[in-house]
Every structure is written in structure tokens, then in C-alpha cells.
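Chains V and D supply the protein sequences, listed in that same order. Position in the first sequence (from 1) plus 5 gives the number in our numbering. Position in the second sequence (from 1) plus 493 gives the number in our numbering.
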Amino acid sequence: MTADTDIIKIENLNIWFQMRQGFLKDVISKNLRYAKAVDGISFNIKKGEIFCLVGESGCGKTTTGKGILRLVEPTSGSIIFADDESDPIIKRLLQLAGEKSRKREGTAVVEMEGRRGIDIRKLTKAEMIYARQRIQMIFQDPYESLNPKMTIFDIIAEPLIVNKLSKNEKDKEERVIKALNEAGLRPPEFYMWRYPHQVSGGQRQRVGIAGALVLSPSLLVADEPISMLDVSIRGEILKLMLDLREKKRLSYLFITHDLSVAYVFSDRIGVMYLGRIVEMGPTEMVIKNPKHPYTQALITVVPKPDPTAKEEKIILKGERPDPTNIPNGCRFHPRCPQVLDICKKEQPLNLEVEPGHFVECHLYPGKK
Amino acid sequence: MAMLEVTDLRTYFTTLEGTVQAVDGVSFTVEEGEAMGLAGESGCGKTTAALSIMRLLPSNGYIKTGKIMFNGKNIVTLNAPKLRKTRWKEMSIIFQGAMNALNPVKRVGDQITEPIMLHENVSEAVAIKRTKELFELVGISPDRINEYPHEFSGGMRQRVMIAMALACWPKLIIADEPTTALDVMIQAQILRLLKNLQKELSLGFIMISHDLSVLAETCEKLCIMYAGKIVENGTSIHVFKNPRHPYTRGLVAAFPNIKGVKFMPEPIPGNPPNLIHPPKGCRFYERCKYKIDSCNETEPPLFEIEPGHFVACHLVQKGVI
């Protein structure tokens with residue numbers, strides 16, 4: 006695999022949740038209402054790349070992350086995962102996915118840039134278990150995502166037991182120790198038999214990371230992994246994640262609400278608003294030369310550690326918009342400071358304003 | 494004379510494991526119309542310091558020694574009825590989680606009119622009128638006073654909390670992490686509101702946050718706390734442009750600046766010390782990268798490095814760093 010190949014490619018992904026309107030209406034009504042948490046997004050992550058989704062809460066960034074692992078079921082669209090075929094797990098997965106199954110139409114193997122990829126959405130439950138060995142998730146809150154009644158050893162060994170991966174007790178222990186070492190919990194023997202409440206917040210997040218690493222994934226979905234941590238340890242976790250990328254060629258989907266973290270950590274950024282990516286591009290381009298009015302506003306309101314900064318903040322009126330009632334035209338128009346007439350009627354197209362930098366906004370007319 | 498003058502405040506907690514010295518010899522002043530920021534990691538004692546000023550400590554906490562002079566009164570020795578008269582009317586607090594701080598089964602209007610009626614002996618009609626004014630002041634439609642907290646969004650609930658803190662026009666407001674749970678856009682709205690109110694009403698204002706960049710934008714003065722002590726104290730410009738204490742330097746370097754150069758935030762390795770048995774010398778000793786042996790022997794006093802800029806570090810005092 007060369008450096009520039011995609012490890013995952015998401016196209017036109019929709020994740021809608023049906024709204025309950027009462028029993029009879031749910032059963033007979035023809036106009037079901039949906040909360041369109043993710044509404045037609047496309048992006049790709051290259052091998053070894055850190056792609057960052059940023060946005061306010063409720064914009065659908067976490068739902069996207071969960072959708073990729075099918076922790077929530079996507080409504081439509083495709084999620085193509087294409088990893089190194091020499092990897093035995095991927096080999097097995099490709100073989101399984103190529104077979105016919107009662108549970109899907111046709112095959113789950115698709116062609117992607119001359120390589121074979123797997124459409125995650127078409128995998129059966131049993132096949133998903135294989136896929137999840139290579140796509141893992143790190144959760145936000147290390148205080149709630151770890152079972153308080155399990156020792157750190159048990160927490161990290163659980164994926165091995167679920168996936169029936171350990172040959173014997175000794176093998177299991179070795180793998181757990183390896184994962185603890187990789188996550189920087191050294192010496193592993195010191196942490197292994199403790200309970201989550203006996204270690205600090207930063208160490209707890211490392212346990213979460215070790216739990217993801219124990220299956221040696223190639224793509225990690227990290228959902229706000231540092232937002233619950235103290236500032237003095239945030240840097241440690243970010244550094245650990247960067248080290249792991251170097252050593253193991255991990256790719257990340259990094260989900261955060263904090264643009265300044267996205268700025269220093271990621272290679273590319275996608276800015277989400279109400280279920281769509283409104284701006285996407287290499288980090289420097291998006292942060293230093295934002296095009297979409299929403300991105301521009303977000304960047305001005307990020308608090309800056311500089312008391313002498315004299316910058317006019319663009320503070321948007323109103324609060325988080327409602328995904329059950331998405332405005333017509335451009336979904337950002339009710340809050341947009343530069344709104345045009347056309348914005349209220351037509352949804353803007355996705356335009357490439359400079360190489361690799363995409364914006365969905367009527368302010369930038371161009372080739373369609 | 495300063496409106497609020499805290500001198501050598503020590504607040505301890507009795508726990509099963511021993512006495513936790515959460516705040517241990519903290520001194521600062523707040524002038525009328527001045528905004529001061531109190532920053533530090535979780536567990537450094539910043540909230541405890543605020544609760545001591547309000548005398549709202551939990552039952553196992555007590556003020557061991559120290560003076561909190563507020564408008565000529567020593568808060569530490571006030572009895573309950575006098576204290577009651579001071580709270581709300583002279584100083585009030587905005588709590589962190591608006592979700593938890595509001596009573597979910599009472600209308601928000603009632604929660605604000607109640608203290609007004611109790612503290613100012615006015616009729617309900619007058620109190621309701623004032624509540625409506627307060628709502629307008631914080632940017633909520635006055636028609637919403639009869640709604641319940643769950644009908645408000647997070648940002649709006651925080652606005653209700655601010656209206657409530659202003660109910661009896663106090664001169665000092667303490668805001669404990671007022672925007673931590675909010676989105677950046679809402680955070681910007683609330684910070685602008687707080688800053689405007691503070692200027693307009695010329696309030697004394699103490700803002701507590703772990704987020705130095707939020708404090709940089711709202712406060713003129715900053716106190717950096719570490720393990721129950723103030724390690725650096727000065728204007729925001731002093732602290733950000735010329736941080737001297739190794740801990741402050743670490744904290745400042747831990748915040749990425751979106752407008753600045755792209756660099757990875759530097760971690761500060763290690764954990765804060767156990768405050769049941771705090772170290773004898775400098776409390777930052779274990780984590781300090783400049784430490785020398787003698788740092789662990791005596792506690793560094795606050796030392797004025799330039800006018801109005803104080804640092805508690807042996808090495809700075811000796812001119813080593």
C-alpha cells in the first residue's frame with residue numbers, strides 16, 4: 006500500500022432516526038418524521054492520516070463515528086473500508102464478504118481505486134466482528150466508559166475473549182501487557198490488577214486506548230478523547246496518539262468540538278453543521294483561510310490564550326439547530342451573517358475552492 | 494481599600510483518610526469593578542476557595558484560619574443571620590452545572606422572585622417585575638418566566654443562572670466554571686454577556702475556570718493555583734506574556750492558539766500531590782523540570798518579580814530561571 010491510499014471512504018452517508026409520533030401514526034402515517042442526524046456526508050481517510058470532524062454538539066459528528074462501526078445503523082450510503090490485503094483478518098473478511106449470504110443482496114466486496122474494499126454496511130453481524138478488529142473506538146468519558154467492577158486487565162482482555170482470539174491464558178496476558186505498554190501504562194504489572202477508580206483520569210483514558218489497541222486496529226475512531234481530561238494531561242494523550250500513528254501506521258477519525266485541538270492535531274478537517282460537512286480541507290487551509298461563514302464564525306469565537314488579542318468575534322445568534330426540522334435551502338441560512346436570497350431556496354453545491362479545499366456555500370459561485 | 498480581601502485563607506476537609514488541606518494559605522484582593530480569574534487543574538482548590546468566600550462549604554469542610562474581609566466585614570466570623578443578609582444582596586455565585594443548580598420542579602421565575610421577596614421585603618408584583626427586567630438584561634424573553642428549567646436549552650439555562658445571581662444587585666459575583674459545559678458558540682455568547690454586565694454594573698467578579706484561554710479574554714487579573722496555593726498572581730498580560738512559575742509556563746504552553754503557530758500542547762507530566770500529606774517544600778517539586786534539591790526543603794513565598802506580579806518559586810527568586 007502506498008501512502009496515499011484511502012483506508013476508508015464514506016459516500017453519501019445518511020443516518021436518520023425516526024421520530025415517534027404516537028403508535029397509530031407510526032404504523033399508518035405516510036409522512037414519517039425523521040431526525041436527520043447525518044444527512045448526506047462524504048469523506049475519506051488516507052492510511053496514516055488524522056481526519057478531524059469538528060462542530061457544535063448535535064451536529065452529527067459522534068453519530069458519524071458510531072455509524073462507521075455500525076453502533077448505530079446507517080440509513081443509506083456506503084462505508085468502504087479498504088485495508089492491507091496481506092493482513093490475515095482482512096483476507097478472511099474479504100473472503101467472507103465475497104460470499105453470498107441470505108442476509109444481504111449480492112456481495113459486500115467493492116472495487117475501490119483498483120483495490121478491493123469492504124462495504125461495512127453490507128456485512129452480516131458475524132462478519133462485523135472481524136471488521137471491528139480493525140476499526141476500533143475510543144470513547145469520550147474515561148470515567149463512565151470503563152466498567153468500575155472490572156480490573157484493568159479484565160477490561161482490556163474482554164475484546165480478546167469476545168473475539169475468541171486468545172489461545173490460552175498466557176497468550177491473553179501477553180497481549181494485554183503489550184497493549185498496556187503501547188498505551189504508555191508502564192510497568193503494566195503495576196496497573197493490570199487495579200480498578201479504574203484507582204488510577205488518574207489520564208491513565209484511565211490510556212486504559213481506554215489500550216482496550217482499543219489490544220486487537221491491533223488500523224483505524225481508530227476517537228470521540229472527544231481529551232475533552233474530559235485536565236489541560237495538563239491532554240498533551241500526553243495527543244502525543245500518545247501521534248506516537249501510535251508513527252509506530253503502527255494508525256489512521257484516526259478524530260471527533261472534537263475544540264477547533265484549536267483540531268488545528269494542532271489533525272491533517273485534514275471537516276466542519277460539520279446540522280448533519281452535513283459544510284467545509285473540508287487540509288487543516289492549515291481551513292483554519293487560516295476559512296471560506297464558509299460558519300467556519301469563519303467558529304474560529305473567531307474559539308477562546309485564545311492571549312489577553313492582548315483584539316479580534317472582532319462573530320457571535321452567531323440562536324442556539325443549536327434542530328435536526329428534525331432542517332431549514333430549506335442552505336441549512337445554515339437562518340444564522341448566517343452573510344445570507345443571500347438564493348440561500349433560502351437552494352441547497353448549495355459542494356465546490357472545490359482551492360485544491361483539496363471544499364465548501365458548501367452560495368458565496369462561492371464556480372464550476373458546478 | 495479593596496472590596497474583597499482574602500488573607501491567608503486555609504480551608505480544610507475532614508475525611509476518613511485524614512484532613513485534606515484543600516486551600517492552604519491563599520491571599521488575593523478584588524477591587525470594585527474588577528474581574529479576577531482563578532485558574533488551575535481540577536482539585537487545586539479553586540472551587541473550595543470560592544465556596545469559602547460564600548461560606549457554602551460542605552459539612553465536612555471548615556475554614557481553619559484566615560480572614561475574608563468583604564466591605565468591611567469578616568465573612569469568616571459572621572453569624573448565620575448576618576451571613577444570610579450578605580449573600581444575594583452583596584455577593585452571589587453562578588454555579589457550574591445550570592442543569593443541576595436549578596430546581597427542576599419549580600418555574601424559573603419563581604426561583605428568582607423568591608430570593609428577591611425574602612431579601613428585600615417587597616411584594617410579589619414588584620419581584621416579578623424585577624425578574625422580567627433581569628430576563629431582559631440577560632437576553633431571555635420576559636414571557637418565559639413561567640417556564641420550567643427543562644424547557645430551556647443549556648445556554649438559556651446558564652442565562653437564567655446569571656439572572657438569578659443578579660437578582661438583588663450584588664456587588665460581587667463569583668462564577669464557577671460558568672461555560673464549561675457549553676458549546677463554543679454559546680460559550681462566546683455567555684462570556685460576552687458576563688463581560689458586558691460586569692462593565693455596566695461595575696461588578697467585582699471572580700471567574701473560576703480550568704481554561705486559561707477563557708480567562709485571558711474576560712479577566713484583567715489572574716491567580717494561578719496549584720495544590721491549594723497560589724503560585725503566580727498578576728495581570729493577565731503578566732501571566733500570559735511573561736509567565737515565570739514553571740507551572741504557569743506549563744499551563745500556558747498547554748493551550749494551543751488557533752491564531753498562532755501550530756504546535757502540539759506540551760503536557761505537564763505527573764500528578765498533583767496528595768493534599769492529606771502535602772510536601773514540605775514547594776508543592777510543584779515532583780513535576781517541576783527545573784527543580785533543585787533545596788526546593789523540597791522550604792515552601793517558597795510569593796515574591797514580587799515586577800510591580801503587581803507575584804511568583805512563588807525559589808528558582809525565580811534566586812534568578813535562576
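Backbone N, C-alpha and C define an ideal beta-carbon position, used for all residues, glycine too.
Using a Cβ-Cβ cut-off of 8 Å (strictly less than) and excluding sequence neighbours within five positions of residue i, which residues of its own chain qualify?
{"i": "arginine 250 of chain V", "result": "Gly53, Ile55, Ser256, Tyr257"}
{"i": "alanine 746 of chain D", "result": "Pro758, Glu759"}
{"i": "aspartate 311 of chain V", "result": "none"}
{"i": "arginine 97 of chain V", "result": "Tyr135"}
{"i": "alanine 656 of chain D", "result": "Ile605, Thr624, Leu627, Phe628, Leu630, Val631, Ile633"}
{"i": "methionine 290 of chain V", "result": "Glu359, Gly361, His362"}
If you drop the 5 nearest sequence neighbours on each side, which residues of the same chain put their C-beta closer than 7 Å to that of residue i?
{"i": "tryptophan 581 of chain D", "result": "Pro608, His612, Ala660, Cys661, Pro663"}
{"i": "glycine 774 of chain D", "result": "Cys788, Asn789, Glu790, Thr791, Glu792"}
{"i": "glycine 468 of chain D", "result": "Outside the displayed range of chain D (494 to 814) lies residue 468 of chain D, so it cannot be described from this structure."}
{"i": "arginine 825 of chain D", "result": "The question about residue 825 of chain D has no answer, for chain D in this structure spans 494 to 814."}
{"i": "tyrosine 268 of chain V", "result": "Thr288, Ile292"}
{"i": "aspartate 235 of chain V", "result": "Gly206"}
{"i": "glutamate 510 of chain D", "result": "Ile769"}
{"i": "arginine 340 of chain V", "result": "Leu321, Lys322, Gly323"}
{"i": "lysine 782 of chain D", "result": "Pro739"}
{"i": "serine 585 of chain D", "result": "Ala658, Pro663, Ile666"}
{"i": "methionine 610 of chain D", "result": "Glu617, Ala620"}
Quickly, what does DSSP pair residue i with across the bridge? List them, please.
{"i": "serine 62 of chain V", "result": "DSSP lists no partner for serine 62 of chain V."}
{"i": "methionine 700 of chain D", "result": "D:Gly530, D:Ala668"}
{"i": "alanine 44 of chain V", "result": "For the record, residue 44 of chain V in the displayed sequence is aspartate; it is not alanine. Looking at the DSSP assignment, aspartate 44 of chain V forms a beta bridge with V:Asn19."}
{"i": "proline 287 of chain V", "result": "V:Arg273"}
{"i": "threonine 504 of chain D", "result": "D:Val516, D:Ile556"}
{"i": "glycine 122 of chain V", "result": "V:Val115"}
{"i": "cysteine 716 of chain D", "result": "D:Leu531, D:Asn726"}
{"i": "threonine 522 of chain D", "result": "D:Glu498"}
{"i": "methionine 142 of chain V", "result": "V:Val226"}
{"i": "glutamate 799 of chain D", "result": "D:His802"}
Return the Cβ separation of residue i and residue j in integer angstroms, given the expectation that the two are a contact with Cβ distance under 8 Å.
{"i": "glutamate 710 of chain D", "j": "isoleucine 717 of chain D", "result": "Going by Cβ atoms, the distance from glutamate 710 of chain D to isoleucine 717 of chain D rounds to 16 Å, so no, they are not a contact pair."}
{"i": "proline 308 of chain V", "j": "aspartate 704 of chain D", "result": "7 Å"}
{"i": "leucine 502 of chain D", "j": "alanine 542 of chain D", "result": "7 Å"}
{"i": "leucine 595 of chain D", "j": "valine 631 of chain D", "result": "Not quite, the Cβ-Cβ distance comes to about 14 Å (not below 8 Å), so this is no contact."}
{"i": "lysine 13 of chain V", "j": "isoleucine 84 of chain V", "result": "Note that residue 13 of chain V is isoleucine in the sequence shown, not lysine. Correct: roughly 7 Å between the Cβ atoms."}
{"i": "isoleucine 214 of chain V", "j": "leucine 245 of chain V", "result": "7 Å"}
{"i": "proline 766 of chain D", "j": "proline 772 of chain D", "result": "5 Å"}
{"i": "tyrosine 299 of chain V", "j": "phenylalanine 337 of chain V", "result": "5 Å"}
{"i": "valine 59 of chain V", "j": "leucine 247 of chain V", "result": "Rounded, the Cβ-Cβ distance is 18 Å, inconsistent with contact."}
{"i": "valine 43 of chain V", "j": "glycine 70 of chain V", "result": "With a Cβ gap of about 10 Å, valine 43 of chain V and glycine 70 of chain V do not count as contacting."}
{"i": "arginine 209 of chain V", "j": "tyrosine 148 of chain V", "result": "7 Å"}
{"i": "leucine 165 of chain V", "j": "lysine 175 of chain V", "result": "Not a contact, Cβ separation roughly 12 Å."}
{"i": "lysine 315 of chain V", "j": "glycine 334 of chain V", "result": "35 Å between Cβ atoms; not a contact."}
Among the residues of its own chain, which have a CB less than 6 Å from the CB of residue i, if the five just before and after it don't count?
{"i": "threonine 522 of chain D", "result": "Ala495, Glu498"}
{"i": "cysteine 366 of chain V", "result": "His297, Pro353"}
{"i": "histidine 807 of chain D", "result": "Cys788, Pro793"}
{"i": "phenylalanine 506 of chain D", "result": "Val513, Ala515, Asn553, Gly554"}
{"i": "lysine 373 of chain V", "result": "For lysine 373 of chain V, the pLDDT reaches just 46, beneath the cut-off of 50, and the residue's location in the model is therefore unreliable, although a value from the coordinates is still provided. If we look at lysine 373 of chain V and ignore the five residues flanking it on each side, its Cβ neighbours are Leu354."}
{"i": "valine 344 of chain V", "result": "His338"}
{"i": "leucine 550 of chain D", "result": "Leu544"}
{"i": "methionine 547 of chain D", "result": "Ile586"}
{"i": "lysine 539 of chain D", "result": "Leu531, Gly533, Ile701, Met718"}
- Message: If contact is defined by three or more beta carbon pairs under 8 Å, each pair taking one atom from either stretch, is the stretch 122 to 133 of chain V in contact with the stretch 91 to 111 of chain V?
- Response: Cβ pair count under 8 Å is three or more, so yes.
- Going along the chain, which residues of the stretch 737 to 758 of chain D sit with their C-beta nearer than 9 Å to a C-beta in chain V? Tyr740, Gly743, Leu744, Val745, Ala746, Ala747, Phe748, Pro749, Asn750, Ile751, Lys752, Gly753, Lys755, Phe756, Met757, Pro758
- Message: If the cut-off is 7 Å on Cβ atoms, which residues from the stretch 696 to 712 of chain D count as contacting chain V, listed in chain order?
- Response: His703, Asp704, Leu705, Ser706, Val707, Ala709, Glu710
- Message: To be precise: take each residue of the stretch 652 to 677 of chain D, compare its Cβ to all Cβ atoms of chain V, and keep it if any distance is under 7 Å. Which residues remain?
- Response: Asp676, Val677
- Message: Would the stretch 555 to 564 of chain D count as touching the stretch 727 to 734 of chain D if we require 3 or more Cβ pairs under 8 Å?
- Response: Verdict: no, contact absent.
- Task: Could you name the residues of the stretch 192 to 206 of chain V whose beta carbon sits closer than 9 Å to any beta carbon of chain D, in the order they occur along the chain?
- Result: Ser205, Gly206
- Residues in the stretch 80 to 111 of chain V having any Cβ partner in chain D nearer than 8 Å: none
- Message: Along the stretch 302 to 318 of chain V, where does the CB come closer than 9 Å to a CB of chain D? Name the residues.
- Response: Ala302, Leu303, Ile304, Thr305, Val306, Val307, Pro308, Lys309, Pro310, Asp311, Pro312, Thr313, Ala314, Glu316, Lys318
- Message: Tell me whether the stretch 108 to 119 of chain V and the stretch 29 to 47 of chain V touch, counting them as touching only if at least three CB pairs, one residue from each stretch, are closer than 8 Å.
- Response: Contact fails: fewer than three Cβ-Cβ distances are below 8 Å.
- Given a limit of 8 Å on CB to CB distance, which residues of the stretch 323 to 347 of chain V reach chain D? Glu324, Arg325
- Counting pairs of beta carbons, one from the stretch 314 to 329 of chain V and one from the stretch 514 to 534 of chain D, are three or more of them closer than 8 Å? no
- Query: For the stretch 499 to 517 of chain D, which residues have a beta carbon sitting closer than 7 Å to at least one beta carbon of chain V?
  - Reply: Identification of residues in the stretch 499 to 517 of chain D having a C-beta nearer than 7 Å to some C-beta of chain V yields an empty set.
- Task: With 8 Å as the C-beta to C-beta threshold (strictly closer), list the residues of the stretch 532 to 555 of chain D near chain V in chain order.
- Result: Glu534, Ser535
- Does the stretch 152 to 162 of chain V come within contact of the stretch 178 to 186 of chain V, defined as at least 3 CB pairs closer than 8 Å? Taking a cut-off of 8 Å on C-beta distances, the stretch 152 to 162 of chain V touches the stretch 178 to 186 of chain V, as three or more cross pairs fall below it.
- Query: Which residues, in order along the stretch 251 to 265 of chain V, keep a beta-carbon less than 8 Å from a beta-carbon of chain D?
  - Reply: His262, Asp263, Leu264, Ser265
- Members of the stretch 212 to 242 of chain V near chain D, C-beta cut-off 7 Å: Asp235, Val236, Ser237, Ile238, Arg239, Gly240, Glu241
- Taking Cβ-Cβ distances below 9 Å as the criterion, which residues of the stretch 636 to 648 of chain D are in contact with chain V? Residues Ser646, Gly647, Gly648.
- Given a limit of 9 Å on CB to CB distance, which residues of the stretch 151 to 183 of chain V reach chain D? none
- Contact residues within the stretch 683 to 697 of chain D, judged by C-beta distance below 9 Å to chain V: Leu684, Arg685
- Message: At a CB distance below 9 Å, what residues from the stretch 612 to 629 of chain D approach chain V? Give them in sequence order.
- Response: none
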